[in-house]
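Asker:
Numbering (full-length UniProt numbering), first residue to last: 1 to 114.
1. Going straight from the alpha carbon of residue 10 to that of residue 89, what length do you get?
2. How many Å lie between residue 81 and residue 96 at the Cα?
3. Do the CB positions of residue 14 and residue 48 come within less than 8 Å of each other?
4. Could you check what DSSP says for residue 10 in three-state terms: helix, strand or coil?
5. Given a threshold of 16 other Cβ atoms within 10 Å of its Cβ, counted over all protein chains shown, does residue 20 qualify as buried or as exposed?
6. So, with DSSP's three-state summary, where would you put residue 197?
7. Counting pairs of Cβ atoms below 8 Å between the segment 58 to 78 and the segment 39 to 47, do you hit three or more?
8. Can you give the beta carbon distance from residue 77 to residue 8, rounded, assuming they're within the 8 Å contact cut?
See below:
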């Protein structure tokens with residue numbers, strides 16, 4: 001799997017679209033996915049809008065439950081990496097971060113706090 005580091009400063013303001021949810025490895029049993037160290041993996045849907053372009057939503061996986069993040073809140077994403085994947089005829093991009101934290105105080109323009 002090819003991994004690509006992402007410069008979040010170029011993504012503009014990042015905003016939580018869907019609050020953190022545990023990522024399930026088996027939806028039938030509700031088993032939560034775990035990383036290599038055994039920590040539970042959570043996902044946060046984040047909106048990205050660059051320079052007046054349309055808004056995109058990306059789902060970002062992170063180890064451990066992000067604290068203090070609510071829908072609509074501006075967030076800071078640390079250590080964002082994109083992973084290219086393919087399975088048979090399907091392919092896509094997944095995102096993983098070292099941390100997702102809430103931004104306190106007002107946003108100071110494009111990418112200032114994101």
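Heads up, the beta-carbon is just placed ideally off N, CA and C, and yes, glycines get one too.
Answerer: The short version:
1. 31 Å
2. 5 Å
3. yes
4. helix
5. buried
6. Outside the displayed range of the chain (1 to 114) lies residue 197, so it cannot be described from this structure.
7. yes
8. 5 Å
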